[in-house]
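Inspection log for the structure reproduced underneath, given as structure tokens.
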Amino acid sequence: MPIRRKVKIAWRMTGAGPLRLLALGEHEQAVRPHDLVEHGGSNWERPGDEWGGYFVFPSGGCW
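Numbering that gives the first Met the number 0 numbers the first residue of the sequence shown as 0 and each following residue consecutively.
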């Protein structure tokens, strides 16, 4: 995984209410996504609404 660079991730989420995401790393590090937006159209055929955003991870390891 790239460190200190934008990593784009897309999610499909079902349910209601605001989407809140948080990546948790070692030593209680927490990173929130940047530019989280709902995508209007997609060819990814799965239930739910598609969202995309960028994470910038400050270090390697498990997130």
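C-beta atoms are modelled at their ideal positions from N, C-alpha and C, and glycine is treated no differently. Keep in mind the model is a prediction, meaning the values are calculated, not measured.
Subject >> Per DSSP, cross-strand counterpart(s) of residue 9 >> reply: Reading the sequence shown from its first residue, position 10 is the one you call residue 9. For residue 9, which the question treats as bridged, DSSP gives the partners 51.
Original post:
Is residue 60 closer than 7 Å to residue 16 when the C-beta atoms are compared?
Top reply: Indexing the sequence shown from 1 puts residue 16 at position 17. Indexing the sequence shown from 1 puts residue 60 at position 61. No, the Cβ-Cβ distance between residue 16 and residue 60 is not below 7 Å.
**OP:** Rank 10, 11, 22 by C-alpha distance to the C-alpha of residue 62 and give the top, closest one.
**Re:** Translated into positions along the sequence shown, residue 62 becomes position 63. Considering only alpha carbons, the answer is 22.
**OP:** To the nearest angstrom, report how far apart residue 26 and residue 58 are at their CA atoms.
**Re:** In the sequence shown, the residue the question calls residue 26 occupies position 27. In the sequence shown, the residue the question calls residue 58 occupies position 59. Rounded to whole angstroms, residue 26 to residue 58 spans 11 Å at the Cα level.
Original post:
Which value, in whole angstroms, describes the spacing of the CA atoms of residue 14 and residue 3?
Top reply: Residue mapping note: residue 14 aligns to position 15 of the sequence shown, counting from 1. Residue mapping note: residue 3 aligns to position 4 of the sequence shown, counting from 1. So the alpha carbons of these two residues sit roughly 32 Å apart.
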